[in-house]
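Chemist: Position one of the sequence shown corresponds to residue 1 (our numbering), numbered consecutively onward.
Following this message is one structure expressed as structure tokens.
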Amino acid sequence: MSPPLRPRARPHEEDEEDEVADVPTFDIDRSSPTPLWFQLSHAIESAISEGRLPTGSRLENELSLAERYGLSRPTVRRAVQELVDKGLLVRKRGVGTQVIQPHVRRSVELTSLYDDLARGGEKPTTEVLSLQRVPAPADVAEELDLAPGEEVVALRRLRRTRGEPLALLTNYLPGRFEPTLEELTERGLYQYLRGQGVHLRVAHQRIGARLARADEARLLEEPPRSALLTMQRTAFDDKGAAVEHGRHVYRASRYDFETTLVGR
1 MSPPLRPRAR PHEEDEEDEV ADVPTFDIDR SSPTPLWFQL SHAIESAISE GRLPTGSRLE
61 NELSLAERYG LSRPTVRRAV QELVDKGLLV RKRGVGTQVI QPHVRRSVEL TSLYDDLARG
121 GEKPTTEVLS LQRVPAPADV AEELDLAPGE EVVALRRLRR TRGEPLALLT NYLPGRFEPT
181 LEELTERGLY QYLRGQGVHL RVAHQRIGAR LARADEARLL EEPPRSALLT MQRTAFDDKG
241 AAVEHGRHVY RASRYDFETT LVGR
């Protein structure tokens, strides 16, 4: 049994604004398919949401946490970064990692483009350009936590709204899924996953921009080398397992990403 996760107070540095709180004992289950970083992140998040780690509490540094639980430092770093990204922790120079705003959640919803368009009153349509089972490329295998070469479902779709092309969507699913052309044409990918009993919990997403390749410009009905918005996303279920990796491009002339920023 692992010892309790307990933020350490540094000598002579405790005060009311920098309170140290105990977290009840929890076990790291090394036999579970749930990633170790997800177990640690979930345990700390639960303690924050339940008020057992109040605002201002300091966590042990990553090295101490790694030693306490017998985890690697990258595993601990990923768990802490997950909570920093959620706005539950903040890193402060000279202070360490602290709990902030324990009852506030950022209004970010894990949805698909299809869901967003449908919610906005649009009637999105999907053309499946390809659907095949292939050995996972090394970078895709890493994203989905699979062995290189393990079978995945690779799909490429063209999403339209109001009859005009909007985005090219390339996605990879672990080989246990078996979507059909009809399912992918009639509804969004996340709708399909939910229908398979998948409970989407969190996603890591990266947004960028580049110029369109020739085939992309043709399919999106844009001039050659037009600007495209890009998005890469890996979605995880409520057990911390990766269930989908997507690489999408959007017409910059018709699409943008909107983000609400909240001061700390």
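Using N, Cα and C, we set each Cβ at its ideal position, and we do this for glycine too.
Tell me the rounded alpha-carbon separation between L173 and A154.
Modeler: In the sequence shown, residue 173 corresponds to position 173, counting from 1. In the sequence shown, residue 154 corresponds to position 154, counting from 1. Using only the alpha carbons, I get a separation of about 7 Å.
Chemist: Put R106 into one of helix, strand or coil per three-state DSSP.
Modeler: As a working mapping, residue 106 is identified with position 106 in the sequence shown. Legend: pLDDT at R106 = 26, less than 50; position of this residue unreliable, no value from coordinates given.
Chemist: Go ahead and pull the three-state DSSP assignment for V198.
Modeler: Taking the first residue of the sequence shown as 1, we reach residue 198 at position 198. Reduced to three states, the DSSP call for V198 is coil.
Chemist: Taking only three categories from DSSP, how would you classify V249?
Modeler: What you label residue 249 is simply residue 249 of the sequence shown in a count that begins at 1. Here V249 carries a strand assignment [DSSP, helix/strand/coil].
Chemist: Step through the CB atoms of chain B and report whether any lies within less than 8 Å of the CB of Y192.
Modeler: Judged by its chain identifiers, the structure shown contains no chain B, having just a single protein chain.
Chemist: As a quick exercise: from R218, G175, S253, R187, pick the residue whose alpha carbon is nearest that of H245.
Modeler: Here the question's residue 245 lines up with position 245 in the sequence shown. Among R218, G175, S253, R187, the Cα nearest to that of H245 belongs to G175.
Chemist: Using a Cβ distance threshold of 8 Å, determine whether the segment 180–193 contacts the segment 209–221, with at least three qualifying pairs required.
Modeler: no
Chemist: Could you give the first and the last residue of the continuous beta strand (DSSP E) run that contains T97?
Modeler: Within the sequence shown, numbered from 1, the residue matching residue 97 stands at position 97. Element bounds for T97: 96–99.
Chemist: Provide the residue span of the beta strand (DSSP E) that contains Y172, from first to last.
Modeler: Mapped onto the sequence shown, residue 172 falls at position 172. Per DSSP, Y172 belongs to the beta strand (DSSP E) from 164–174.
Chemist: Can you tell me whether DSSP reads D237 as helix, strand or coil?
Modeler: Position 237 of the sequence shown, counted from the start, is the residue given in the question as residue 237. It is a strand residue.
Chemist: Is the distance from the Cβ of V99 to the Cβ of I48 below 8 Å?
Modeler: Taking the first residue of the sequence shown as 1, we reach residue 99 at position 99. Taking the first residue of the sequence shown as 1, we reach residue 48 at position 48. Contact flag set, yes.
Chemist: Counting beta carbon pairs with one atom in the segment 82–99 and one in the segment 121–139, are three or more of them shorter than 8 Å?
Modeler: With fewer than three CB-CB distances shorter than 8 Å, the segment 121–139 does not count as touching the segment 82–99.
Chemist: Please state the DSSP three-state secondary structure of R73.
Modeler: Stepping through the sequence shown from its first residue, residue 73 is reached at position 73. Here R73 sits in helix by DSSP.
Chemist: Kindly indicate which three-state DSSP category I207 falls into: helix, strand or coil?
Modeler: Here residue 207 is taken as the residue at index 207 of the sequence shown, counted from 1. In the structure shown, I207 sits in a strand (DSSP, three-state: E or B).
Chemist: Short of 8 Å in beta carbon distance, which residues of its chain neighbour D237, apart from the five on each side in sequence? Order them along the chain.
Modeler: In the sequence shown, counting from the first residue as 1, residue 237 sits at position 237. Result list for D237: V198, H199, L200, R201, V243, in chain order.
Chemist: Could you check the C-alpha separation between H12 and R52 for me, to the nearest Å?
Modeler: For the purposes of this step, residue 12 is taken as the residue at position 12 of the sequence shown. For the purposes of this step, residue 52 is taken as the residue at position 52 of the sequence shown. Here H12 scores only 41 on pLDDT, less than 50, and its place in the model is too uncertain to base an answer on.
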